[in-house]
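As given, the protein sequences belong to chains A, B, C and D, one line each in that order.
By the numbering used here, the letter at position 96 of the first sequence is numbered 96, and the numbering carries on one by one without gaps.
Residues are numbered in the numbering used here as their position in the second sequence, beginning at 1, plus a constant of 1000.
Residues are numbered in the numbering used here as their position in the third sequence, beginning at 1, plus a constant of 2000.
Residues are numbered in the numbering used here as their position in the fourth sequence, beginning at 1, plus a constant of 3000.
Since the structure comes first, as structure tokens, the remarks are kept for the end.
4 protein chains.
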Amino acid sequence: MVTNSELKKQPPKASSLKEKQREERTALILQAAYDVLVEKGYYEASMDEIAARVGISKGTLYLHFKSKEDLIFMLIEQETGKFLSLIDQIMTAESSVHDRLEHILLESYRSIQDGRQFLVALRAIGLNQGAIRDRIEEQVSIIGLMERLTRLFEEGKTRGEFDTAIPTTIMVSIFMRLMELYSNEQPEMNDLSPENLLKSVSQLFFHGLLKKS
Amino acid sequence: MVTNSELKKQPPKASSLKEKQREERTALILQAAYDVLVEKGYYEASMDEIAARVGISKGTLYLHFKSKEDLIFMLIEQETGKFLSLIDQIMTAESSVHDRLEHILLESYRSIQDGRQFLVALRAIGLNQGAIRDRIEEQVSIIGLMERLTRLFEEGKTRGEFDTAIPTTIMVSIFMRLMELYSNEQPEMNDLSPENLLKSVSQLFFHGLLKKS
Amino acid sequence: MVTNSELKKQPPKASSLKEKQREERTALILQAAYDVLVEKGYYEASMDEIAARVGISKGTLYLHFKSKEDLIFMLIEQETGKFLSLIDQIMTAESSVHDRLEHILLESYRSIQDGRQFLVALRAIGLNQGAIRDRIEEQVSIIGLMERLTRLFEEGKTRGEFDTAIPTTIMVSIFMRLMELYSNEQPEMNDLSPENLLKSVSQLFFHGLLKKS
Amino acid sequence: MVTNSELKKQPPKASSLKEKQREERTALILQAAYDVLVEKGYYEASMDEIAARVGISKGTLYLHFKSKEDLIFMLIEQETGKFLSLIDQIMTAESSVHDRLEHILLESYRSIQDGRQFLVALRAIGLNQGAIRDRIEEQVSIIGLMERLTRLFEEGKTRGEFDTAIPTTIMVSIFMRLMELYSNEQPEMNDLSPENLLKSVSQLFFHGLLKKS
DNA sequence: CATGAATGAGGCTTCATTCAT
DNA sequence: GATGAATGAAGCCTCATTCAT
């Protein structure tokens, strides 16, 4: 036990302690950045405000991130990664494509509601343009999402679930818009629970708007 | 009398000429601003670049618009106004709500394709956040669009065309997302003609994704 | 007479006709410039506003004056010249220095009231500083005024009218401040007529503030 | 106890140190601004030059003052406040009004000589006109000065010290001009010491210019 | 001559980033 | 490591001046 406790004090563990603290702080920064970003958008989100919200100095931000752009990219990457893993899990389920898509929608709404969602919120944050856009497309797996969805819809067509007359591209595009429906921009929509929203959206998306005669 | 009428044209012509030139210049600026805006978004669109693209000096912009914000708002207002008029025309048609909604979608895609569309592109331009958002909501009739659509969908329900189980709010939200599908952000979508895009979107929106058994 | 009338049409006279018109317009501009200057001060007086107030275009101003600075200098010079002539007349009068100084004060107040006064109003217009100041001192005879006043006060001392214990410089300085008392800045002072103001100022200046026992 | 008291000084010292430096810097800026202002006047005083004169960058100015206007107003307010306090002290003295007025004049000259004077120098700085003027009148106690002086002169009349035939307004106006006599604009006047200037001015103001027979 | 649209230099201000303490 | 004062590039805007019509 003495050895053990001595070992704990050793550099590797000492650094892993520091590292843990560091990572915690990084997480705090990312959360604050997320909040400001959603409230103000990329261009009106200032490093000052992010730092102030975490309760640290501006300079400290730069000990964690090389630049504002970098901070944002890390943020996006992290959330994107988590979300894509989730999607991957859902995609490999045994259920129908229909069910899996509903599941994806639901998780989208939930993640937005929890304030941990980016892949789907880029447009809402003003990152879909200008110089930023290119770096986003390069470094962030929005493409990954599109690929996965494309695969899924194709599978649906192959299985005979979906109307083959509609191009997959269009299905994917519309589906992605549906994913971001529960955005932070339309407060009136946020009164619904993710589950209730899903019900209607799903009904509309799969069965159409028209009354069945 | 011919002579007389020709003479009468003189004075107005004089002022007309200058005014026409002025309006043409204004239109050129608005077009350039539109282009830059769509490419770079509001915050990265600099007055310098707009001026350069028109081929005039920065100062000249301020002979036509009293500030950057003003330029943007005029741009939005102008296009918005035209588009809302169009919607109003379509809305008063005799046809089914279904047909009228298709018509609206089609006009949306056309106007986006022509580069004269804003009501529907605000999100794509980064005006849906921060300080700007409030002024937009005050001054631009995005609300007007929502009201009109709400009315239309309610009429659809009353007429028995649409599924009354789906809340109108959700119908409207989704429809608005469909309107902006043909955005300038997704080049792959723009290979389709507005008419072809409409066909698939409409099929999906009204009849659903699922294969009819 | 015919000859005379023909002569009038001749170039020299023709030009003197044009010249008359030109001078009239120049006078109009100077008057407008004076008004704006007194209202807004030199730096907030814009060429635009001066032109607008005369009812001509901005470009036309430059047909009469080479620059804004020039316009101002001409204005000052003109009014200065007139005023200095007046002073010279007064100075050569036979009366006591006391009387002549009162006369000068009275004419100062009158000229300010009429809106034709500069020599005395430079400070009130913001021309007593910066780059402008040097040119003013070079080109405008504010020095001329000081010289004249100095001469007058010295004469007063020689004649035994004034207290020789007070340095002439100080007399002159104070007297110049008294001349600009009736400025456009203190509306409460302008309720008094020039004559009434003079009475009090003169009493104070010559006899002092104290109650005679 | 000594130790304790020394320890107590620690934490405050830490913040005191930075704060002191900050205040020193602020004071340096205000002094530079004062100098530029007196030399160039408000409109030709550029933030660039003020910064350059302090030896800091333009951006740093904005860490201390949020705008050019603010910088100027702070400058004026600070000096104004000090000066008005001084006046208040003098006003409550037991001596004759005559003596107190002399004292005020003397302090005016001294403060101008030291380069810490504004209440009295507004005209000399070009702040007596245009848009600025209103903010000055609102925020700066030039009115406060006039009120105090008015009170003082009325007291002088009541006490039987002053000539009641001269309106108080005029007394105040003239007195204020005398206060600014020792301005930075007339170098020839500055060769006199404040005390010597006072002697002559006072003699003239109270006893008049005329030689006593 | 008269016009007024166009110019461009110059001023104010913001904010991401750096660096001495 | 942490701080926050300092920097300076870059953006918006004004206005005296010019020039084609």
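Ideal Cβ positions, reconstructed from N, Cα and C, are used throughout, including at glycine.
Everything numeric in this text was worked out from a predicted model, so none of it was measured.
Query	Result
Measure how close the beta-carbons of Ile2076/C and Leu2061/C come, nearest whole angstrom, since I'm counting them as under 8 angstroms.	Contact doesn't hold; Cβ gap of about 17 angstroms is too wide.
Consult DSSP for Phe2206/C and reduce its assignment to one of helix, strand or coil.	helix
Is Phe2175/C helix, strand or coil when you go by DSSP?	helix
Counting only beta-carbon atoms, is Glu3033/D nearer than 8 angstroms to chain C?	It should be pointed out that residue 3033/D corresponds to Ala in this sequence rather than to Glu. Not closer than 8 angstroms to any Cβ of chain C, the Cβ of Ala3033/D fails to qualify, so no.
Please list the partners that Glu188/A has in chain B, where partner means a Cβ-to-Cβ separation under 8 angstroms.	Thr1169
For a minimum of 4 consecutive residues, which ranges assigned as the alpha helix (DSSP H) are wholly contained in the region 1102–1154 of chain B?	1122–1125 and 1130–1139
Where does the unbroken alpha helix (DSSP H) through Gly1059/B begin, and where does it stop?	Lys1058 to His1064
Would a C-beta distance cut-off of 8 angstroms place Glu3079/D and Gln3129/D closer than the cut-off?	no
Are the region 2015–2024 of chain C and the region 2091–2099 of chain C touching by the rule of at least three beta carbon pairs closer than 8 angstroms?	no
Among Leu204/A, Lys211/A and Ser193/A, whose alpha-carbon lies nearest the alpha-carbon of Leu106/A?	Ser193/A
Could you compute how far the alpha carbon of Glu3102/D sits from the alpha carbon of Pro3167/D?	20 angstroms
Does DSSP put Lys2199/C in a helix, in a strand, or in coil?	helix
Going by DSSP, what residue range makes up the alpha helix (DSSP H) through Lys1068/B?	Lys1068 to Met1091
Can you find the residues in the same chain that come closer than 6 angstroms, C-beta to C-beta, to Ile2136/C, ignoring five residues on each side of it along the sequence?	Leu2127
Quick one: is Asp103/A near chain B, going by C-beta distance under 8 angstroms?	Correcting the residue identity first, residue 103/A is His in this sequence and not Asp. It does not; no Cβ of chain B falls within 8 angstroms.
I'd like to check one pair, Val2201/C with Ile3174/D: are the Cβ atoms closer than 8 angstroms?	yes
Are there 16 or more other CB atoms within 10 angstroms of the CB of Ala2124/C, so buried, or fewer, so exposed?	buried
Identify the contact partners of Tyr1109/B in chain A, using a Cβ-Cβ distance below 8 angstroms as the criterion.	Simply none; closest approach about 12 angstroms.
Please look up how many angstroms separate the CB atoms of Tyr1109/B and Leu1198/B, rounded, as I've assumed it's under 8 angstroms.	6 angstroms
Using CA coordinates, which residue listed in Met2091/C, Gly2041/C, Arg2022/C and Gly2081/C is at the minimum distance from Arg2151/C?	Met2091/C
Below 7 angstroms between beta carbons is the criterion; list the residues of the region 3148–3164 of chain D that meet it against any residue of chain C, in chain order.	Gly3160, Glu3161, Phe3162 and Asp3163
Could you pull the start and end residues of the alpha helix (DSSP H) that Glu3188/D belongs to?	Glu3188/D -> no alpha helix (DSSP H), and no H or E assigned at all.
Starting from the Cα of Asn1196/B, find the closest Cα among Tyr1182/B, Val1140/B and Arg1053/B and give me that residue.	Tyr1182/B
So with Cβ pairs under 8 angstroms, would you call Leu3178/D a contact of chain C?	yes
Looking at the unbroken alpha helix (DSSP H) that takes in Arg3053/D, where does it start and where does it end?	Met3047 to Val3054
Please name the residue in Asp3134/D, Lys3211/D, Glu3155/D and Phe3083/D whose C-alpha comes closest to that of Arg2159/C.	Lys3211/D
Which residues of chain C have a Cβ atom closer than 9 angstroms to the Cβ of Gly3208/D, listed in chain order?	Asp2163, Gln2203, Leu2204, Phe2205, Phe2206, His2207, Gly2208, Leu2209 and Leu2210
On a CA-only basis, which of Glu138/A, Ile112/A, Glu94/A and Met74/A is nearest Leu30/A? Give me that one, please.	Met74/A
Apart from the five residues just before and just after Ala3032/D, which ones in its own chain have a Cβ nearer than 6 angstroms to its Cβ?	Ile3050, Arg3053 and Val3054
Going by other Cβ atoms of all chains shown within 10 Å of its Cβ, with 16 needed for buried, is Gly41/A buried or exposed?	buried
Do you know offhand how far Ala1165/B's Cα is from Arg148/A's?	31 angstroms
Determine whether the Cβ of Tyr43/A lies closer than 8 angstroms to any Cβ atom of chain B.	yes
Please report the straight-line C-alpha distance between Ser67/A and Gln1021/B, rounded to a whole angstrom.	46 angstroms
Distance check for Tyr1043/B and Val38/A, CA to CA, integer angstroms please.	16 angstroms
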